[in-house]
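>
Number of protein chains: 2
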Amino acid sequence: MLHFEEALMLMHWDLRTGAPKRGVPLRAEAIGTLSDEIFRMKTSKQMEEYLDRLSDPAVSSEIDPVTSGTVRELRREYEMNRAIPADRKKAFVMLTSQAESVWEEAKETSNFALFKPYLERIVDMQLEFIDYWGYQENPYDTLLDHYEPGITVKQLDEIFGGLREETVKLLQDIVASDARPNPAPLLQDFEIWKQRELSEHLLKHIGYDFTAGRLDTTVHPFMQTINRYDARVTTMYVKNDLRSSVFSTIHEGGHALYEQGISPELIGTPLCTGTSMGVHESQSRFYENMIGRSMEFWETQYPLLVERFPNLKSMSLEEYYGAINEVQPSLIRIDADEVTYNLHIMIRYEIEKALINRELKVADLPEVWREKMRDYLGVEPPNDALGVLQDVHWSGGDFGYFPSYALGNIYGAQIREALAKELPDYMEQVRKGNLHEVKAWLNDKVHRHGKLLGPREILRSVTGQDIDSAALVRYLNDKYRPLYRI
Amino acid sequence: MLHFEEALMLMHWDLRTGAPKRGVPLRAEAIGTLSDEIFRMKTSKQMEEYLDRLSDPAVSSEIDPVTSGTVRELRREYEMNRAIPADRKKAFVMLTSQAESVWEEAKETSNFALFKPYLERIVDMQLEFIDYWGYQENPYDTLLDHYEPGITVKQLDEIFGGLREETVKLLQDIVASDARPNPAPLLQDFEIWKQRELSEHLLKHIGYDFTAGRLDTTVHPFMQTINRYDARVTTMYVKNDLRSSVFSTIHEGGHALYEQGISPELIGTPLCTGTSMGVHESQSRFYENMIGRSMEFWETQYPLLVERFPNLKSMSLEEYYGAINEVQPSLIRIDADEVTYNLHIMIRYEIEKALINRELKVADLPEVWREKMRDYLGVEPPNDALGVLQDVHWSGGDFGYFPSYALGNIYGAQIREALAKELPDYMEQVRKGNLHEVKAWLNDKVHRHGKLLGPREILRSVTGQDIDSAALVRYLNDKYRPLYRI
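Chains as they are written, first to last, in full-length UniProt numbering: chain A, 1 to 486; chain B, 1 to 486.
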């Protein structure tokens, strides 16, 4: 089954890294066949018997943690998949694949009305599926659980509540500040082949193993694991914006370090991957922002950058540091800075929660979106393409996914404080250009466990705490108040 | 089943175009699983029932040619696969996978003794398998039939006999000639990124559709079909030898034009690929040699080449034409020119034939190899790495494959004469830089049929003849006698 998944993952990676356009429809058919086969295996009578046999108390007390983790994970998938009648599952797959192309057109023409009936049917089907799956407190919990096992609306409301308040306060101070970084030098021309060499260098610098991965070009950067020794990074080169490739490379590199750090004893089991979307995002965000946008990181790297791109000569390290940390309330989530990013997520979280609790109609989304943008970020999209239509997620039925991004930032900051406690000189090491100890620590504390430990178990074992946004608030204030001379 | 094969083909392509080294063992396992699954489907009870039902005379008289071709092809594979007991098949797979790595080491250290016991067991197993498969006249016919359906030792002896005699005669005259082309200007430094752009340009020029394929870098160039709209070319860039990428690109491009020209009505059947190794090779060789090494082709292309690489300025078109058509008896098949290439193949053919007929012992191979090299080519390998150990084929058990290469040259020349009869001005078109008509003609006469017609049917329908080396002999004499002023 995992071998079929390896084939499938490669087919997906390939589609996004240069597979020829005219081959896509046939590829989609092949992907459909393999996915069906995997689904059939995951929900087979044989799987049920295997799970039942291994869950028998007499047996389960005897088996090792890896096997029992495997059983837990396979049962989770078995139950999630078996709950939905096959014809409804198929209807959903067909609906979302149509919806994705309708969304593309709606976004291009900024026409929410076009997408609306599809989104309504998607929400209806989500509600139908939640009926099959069941829920305890809030129906939205069931969806959250698919991406971040164990997390609930109740917890998120509290966590996001505090974070929102503190973030808005900081953001208002930043907006009111006279300090304005100048990113213009980063918007000159930078040759693509040189950017590619730079991305390779940066990946090596953070400890990425090129004998167990590769770097390719794509439109929306992602990291794809093919197998335990093959975690592939992709990035995007923009000729007149150096930030694009630099930070998407480090971000995806952070994801890859996680996958490259999983204990080889988990090979051949479904535990051989990151434990949740949120923990995965904590690793990519930690590397992208807390390492990759730190002054310490660039103390060794900026001189090398200037050597590679002499058109940066007139920019000092301090100016560069300011420019890569510019805070600017803006319309588009994926372009957002560290401070405003979580506000974008909260807007999506609140809308999803309301939709799934039938407190909001799809028809009202554009207006609610504008309102919340005004409230949280003080900007308002001039059209729906730059507003409610900007993200692909809803067209694919991925409700419950967005909070993982913000949880990643929160986990990242908590893990960072634990790191600082255990390795007090880690930023000193980074300043000297040594990133090995940071990686070794994360390998040991987070990466090696794969899915053997759940996200909360990892967090608790590393930090001794449950989820708490206080560390992120401290980090943001400590970094941005001096930078903006507040 | 074809969808599984698409996944498998992509996994193979990926392994040879930059898949990370450390991921290879796990990838090999995944490939094993998918191959087993495909083998299981091809030899299943269900397949047997399907074939029997469709072969029933009452049914088979009613079905369309595509379905009956599909049945024919699936039955061929079914019978070939079912004939071998599963445990013997497995033993063979294990033996050859070991043998391939032993061969690598033997080649590196030029130690035939190391490889000898493996090759002996491979030959023994080939003989065992031939017993399962059966044969009519000569046991080697059965192996030939796997690559070139219908061809026999009797025919090959006759075809190769005439070709050898004429080739040796021509070669002796060339070696004795005073004319000596000078390839030195092609051995200067040529930047890789410029060579890559050149390869892209050349593929477009011959009519390769980049929206249904892509170009990548590899060590041993190949073309891989992923699906009907995804035929991928690979090439190799050598910094100080421009010929490597230019001619492997055109060669693999010729293979790809074949696959890109197959009628879409064959999609979803096993007929949607080239009809045999020999006919495939006829297309790649036709483009590489008869088009790509012609004066006409370079009349428009050489000025563009000089523009791209100003270090060629001192070389005239005539000098360039001589240099890319240099004839030189040499030790290594894959580096051989058009004239000597077939002699390399004949040596392998004669050795395989003798081994399979138990007229030659594996132990005697190195000596027989040296003897034949002396006789046919007038050169003798100083060691076995440059002699009997040079090719990978035998370590993989691919006996019967080599003759396809020479048959490709023969078919190519026959098809070329038919083309010249039907489109008398085709070289005039090439001279003007128009390769569309040549491609359209090949699409119509050869490509579109896929495997719906067998190799002999295609040859007969295009040329009105059976296999005949006379056309190739005429082509070689017409081209090389003036070039070497004989």
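Don't be surprised by glycine CBs; every beta carbon is placed ideally from N, CA and C.
Using a Cβ-Cβ distance under 8 Å, would Asp-189(B) count as near chain A?
No, its Cβ sits nowhere closer than 8 Å to a Cβ of chain A.
> Identify every residue that forms a DSSP beta bridge with Val-233(A).
Per DSSP, Leu-215(A), Met-223(A).
> Find the residues of chain B that neighbour His-255(A), judging by a C-beta separation of less than 8 Å, and give them in chain order.
Here the premise fails: no neighbours, minimum Cβ distance about 16 Å.
> By DSSP, does Val-388(A) sit in helix, in strand, or in coil?
Coil.
> Enumerated in chain order, which unbroken segments of the alpha helix (DSSP H) with a length of 4 residues or greater are wholly contained in the segment 393-437 of chain A?
Taking only runs of at least 4 residues, the alpha helix (DSSP H) segments lying wholly in the segment 393-437 of chain A are 403-422, 426-431.
> Would Trp-394(B) be called buried (16 or more neighbouring beta carbons within 10 Å of its own) or exposed?
Classification of Trp-394(B): buried, given that the 10 Å Cβ count is 16 or more.
> With a cut-off of 8 Å, does the C-beta of Ile-226(A) fall near any C-beta of chain B?
At least one chain B Cβ lies under 8 Å of Ile-226(A).
> Grab me the residues of Thr-70(B)'s own chain with a C-beta within less than 8 Å of its C-beta, minus the 5 sequence neighbours each way, in chain order.
For Thr-70(B), where only same-chain residues beyond five positions count, the Cβ hits under 8 Å are Thr-269, Pro-270, Leu-271.
> What does the alpha-carbon distance come out to for the pair Leu-119(A) and Pro-139(A)?
If I take the Cα positions, the gap works out to 18 Å.
> Under DSSP, the alpha helix (DSSP H) around Tyr-341(A) begins and ends at which residues?
It spans 338-356 - the alpha helix (DSSP H) in which Tyr-341(A) sits, taken as one unbroken run.
> Fully enclosed by the segment 103-154 of chain B, which beta strand (DSSP E) runs are 3 residues long or longer?
DSSP runs (the beta strand (DSSP E)) wholly in the segment 103-154 of chain B: none.
> In the DSSP assignment, the alpha helix (DSSP H) including Tyr-302(A) goes from what residue to what residue?
It spans 295-308 - the alpha helix (DSSP H) in which Tyr-302(A) sits, taken as one unbroken run.
> DSSP three-state label for Val-238(B), please.
Coil at Val-238(B), not helix or strand.
> Could you confirm whether any beta carbon from chain A is found closer than 8 Å to the beta carbon of Pro-424(B)?
Chain A contact via Cβ: absent.
> Quick one: is Glu-197(A) near chain B, going by C-beta distance under 8 Å?
Answer no: the Cβ-Cβ gap between Glu-197(A) and chain B never drops below 8 Å.
> Would Val-430(A) and Ser-294(A) be called neighbours here (beta carbons separated by less than 8 Å)?
In contact: Val-430(A) and Ser-294(A) (Cβ atoms closer than 8 Å).
> Would the segment 464-478 of chain A count as touching the segment 414-421 of chain A if we require 3 or more Cβ pairs under 8 Å?
Touching, per the Cβ criterion.
> Can you give me the C-alpha to C-alpha distance between Lys-372(B) and Leu-266(B), rounded to a whole angstrom?
Taking the straight line joining both Cα atoms gives about 44 Å.
> Could you tell me the distance, in whole angstroms, from the CA atom of Pro-455(A) to the CA atom of Asp-444(A)?
Looking at the two C-alpha atoms, the distance is approximately 15 Å.
> Kindly indicate if chain A contains any beta-carbon less than 8 Å away from that of Pro-20(B).
At least one chain A Cβ lies under 8 Å of Pro-20(B).
> Taking the Cβ atom as the reference point for each residue, do Leu-423(A) and Trp-441(A) lie within a distance shorter than 8 Å?
In this structure, Trp-441(A) lies closer than 8 Å to Leu-423(A) by Cβ.
> Count the other CB atoms within 10 Å of the CB of Ala-28(B); is the residue buried (16 or more) or exposed (fewer)?
Per the 10 Å Cβ criterion, exposed.
> Mark Gln-98(B) as exposed unless 16 or more other C-beta atoms lie within 10 angstroms of its C-beta, in which case mark it buried.
Answer is exposed; the Cβ neighbour count stays below 16.
> By Cβ distance below 8 Å, which residues in the same chain neighbour residue 509(A) in space, the five residues on each side in sequence not counted?
This structure gives no information on residue 509(A), because the portion of chain A shown stretches from 1 to 486.
> With a threshold of 16 other CB atoms inside 10 Å of the CB of Lys-239(A), please say whether the residue is buried or exposed.
Exposed, since its Cβ has fewer than 16 Cβ neighbours within 10 Å.
> Please list the residues of the segment 23-45 of chain B that have a C-beta atom closer than 7 Å to any C-beta atom in chain A, keeping them in chain order.
Answer in chain order: Gly-23, Leu-26, Arg-27, Glu-29, Ala-30, Thr-33, Leu-34.
> In three-state DSSP terms, what is Lys-439(A)?
DSSP places Lys-439(A) in helix when its eight states are reduced to three.
> Could you name the residues of chain B that Ala-212(A) contacts, counting a contact when the two beta carbons are closer than 9 Å?
Residues of chain B passing the Cβ test: Pro-20, Lys-21, Arg-22, Gly-23.
> By the DSSP assignment, the alpha helix (DSSP H) with Gly-278(B) in it spans what residues?
That run of the alpha helix (DSSP H) goes 277-285.
> Compute the distance between the beta-carbons of Thr-356(A) and Leu-143(A), then report whether it is under 8 Å.
The sequence given here places Ile at residue 356(A); Thr does not occur at that position. Taking 8 Å as the Cβ cut-off, Ile-356(A) and Leu-143(A) qualify as a contacting pair.
> For the structure I just gave you, are there three or more beta carbon pairs, one from the segment 280-293 of chain A and one from the segment 252-263 of chain A, closer than 8 Å?
The segment 280-293 of chain A vs the segment 252-263 of chain A: in contact.
> Beta-carbon of Leu-10(B) versus every beta-carbon of chain A: anything under 8 Å?
Answer yes: the Cβ-Cβ gap between Leu-10(B) and chain A drops below 8 Å somewhere.
> Just to confirm, is the Cβ distance from Lys-116(A) to Asn-81(A) under 8 Å?
Taking 8 Å as the Cβ cut-off, Lys-116(A) and Asn-81(A) do not qualify as a contacting pair.
> Run through chain B and tell me which residues come within less than 7 Å of Glu-252(A), C-beta to C-beta.
Correct list: empty, because the minimum Cβ distance to chain B is about 15 Å.
> By how many angstroms is the C-alpha of Glu-108(B) removed from the C-alpha of Asp-337(B)?
Taking the straight line from one Cα to the other gives about 25 Å.
> Nearest chain C C-beta to His-3(A) closer than 8 Å, yes or no?
Absent from the structure: chain C. Protein chains present are A and B.
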